[in-house]
Amino acid sequence: MGRGEAKNGAAIQAELSRQNGNSYFSKNRFGAAIDAYTEAITLCPNVAVYWTNRALCHRKRNDWAKVEEDCRRAVQLDLDSVKGHYMLGLALLERKEYTEGIKELEKVGLMLMPF
1 MGRGEAKNGA
11 AIQAELSRQN
21 GNSYFSKNRF
31 GAAIDAYTEA
41 ITLCPNVAVY
51 WTNRALCHRK
61 RNDWAKVEED
71 CRRAVQLDLD
81 SVKGHYMLGL
91 ALLERKEYTE
101 GIKELEKVGL
111 MLMPF
């Protein structure tokens with residue numbers, strides 16, 4: 001198996017893990033969803049949506065430190081991640097970092113404005 005085939009196989013497995021995570025999330029099985037998204041991240045760490053999906057699970061568990069951590073990584077990978085900036089803003093507000101939290105939420109507003 002060549003290097004490209006291994007990468008493609010990892011991407012396919014990561015996507016299956018994401019789908020499993022989505023299924024667990026829809027059943028309110030947030031721990032299992034976190035595990036599935038973590039597997040996807042391990043396989044393909046440069047896909048922002050895997051990080052924001054896991055962050056959403058942490059949000060459901062009110063684990064704001066982990067929401068912040070995952071969302072910071074997501075917005076590093078994808079500066080246009082509305083979900084990443086939004087949840088990062090919420091996490092910062094929860095930590096009473098109001099100025100930074102508002103800045104993140106303002107970014108979301110600008111992203112959603114029609115130009």
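Residues in the sequence shown are numbered from 1 upward in steps of one, following UniProt numbering.
Where is the CB? At the ideal position from N, CA and C, for every residue including glycine.
Since this is a predicted model, take the numbers as computed values, not measurements.
Alpha carbons only, please: which of Gln19, Tyr86 and Asn8 is nearest the one belonging to arginine 59?
As a first step, residue 59 is located in the sequence shown; it is residue number 59 there, counting from the start. Checked all of Gln19, Tyr86 and Asn8; the closest Cα to arginine 59 is Tyr86.
Note down, in chain order, each residue of its chain lying with its Cβ closer than 7 Å to the Cβ of glycine 10, except the 5 sequence neighbours on either side.
On the sequence shown, position 10 is the one that residue 10 refers to. At residue 10 the sequence reads alanine, which differs from the glycine that was named. Counting only Cβ-Cβ distances below 7 Å, and skipping sequence neighbours, we find Leu43 and Cys44.
If you count every other CB in all the chains shown that lies within 10 Å of the CB of lysine 83, and 16 or more means buried, which is it?
Taking the first residue of the sequence shown as 1, we reach residue 83 at position 83. Buried, by the Cβ-count rule.
Could you round the C-beta distance between valine 67 and alanine 55 to whole angstroms and report it? I think they count as a contact, below 8 Å.
Start at 1 with the first residue of the sequence shown, and residue 67 comes out as number 67. Start at 1 with the first residue of the sequence shown, and residue 55 comes out as number 55. Contact holds; Cβ gap of about 5 Å.
How about leucine 88 and glutamate 104: do their beta carbons lie closer than 7 Å?
To locate residue 88, count along the sequence shown from 1; it is residue 88. To locate residue 104, count along the sequence shown from 1; it is residue 104. Cβ atoms of leucine 88 and glutamate 104: closer than 7 Å.
Residue interval of the alpha helix (DSSP H) (run including valine 75)
Against the sequence shown, residue 75 aligns to sequence position 75. That run of the alpha helix (DSSP H) goes 64–77.
Would glycine 31 be called buried (16 or more neighbouring beta carbons within 10 Å of its own) or exposed?
Residue numbering aside, residue 31 sits at position 31 when the sequence shown is read from its first letter. Under this definition glycine 31 is an exposed residue.
Exposure label - alanine 65; buried when at least 16 CB within 10 Å:
One-based indexing of the sequence shown puts residue 65 at position 65. Answer is exposed; the Cβ neighbour count stays below 16.
Excluding the five sequence neighbours on either side, which residues of its own chain have a C-beta within less than 7 Å of the C-beta of alanine 33, listed in chain order?
Sequence index remark: in the sequence shown, residue 33 carries index 33 (1-based). Once the five neighbours on either side are set aside, the close Cβ partners of alanine 33 are Gly21, Tyr24, Phe25 and Cys57.
Check whether the Cβ atoms of asparagine 53 and tyrosine 37 sit closer than 7 Å, and answer yes or no.
Within the sequence shown, residue 53 is the residue found at index 53, counting from 1. Within the sequence shown, residue 37 is the residue found at index 37, counting from 1. Yes, Cβ-Cβ distance for asparagine 53 and tyrosine 37 is below 7 Å.
Just to confirm before moving on: does the CB-CB distance between glycine 101 and leucine 93 stay below 7 Å?
Sequence index remark: in the sequence shown, residue 101 carries index 101 (1-based). Sequence index remark: in the sequence shown, residue 93 carries index 93 (1-based). A contact, by the Cβ cut-off of 7 Å.
Rounded to a whole number of angstroms, what is the C-alpha to C-alpha distance between alanine 40 and leucine 16?
On the sequence shown, position 40 is the one that residue 40 refers to. On the sequence shown, position 16 is the one that residue 16 refers to. Roughly 8 Å between the two C-alpha positions.
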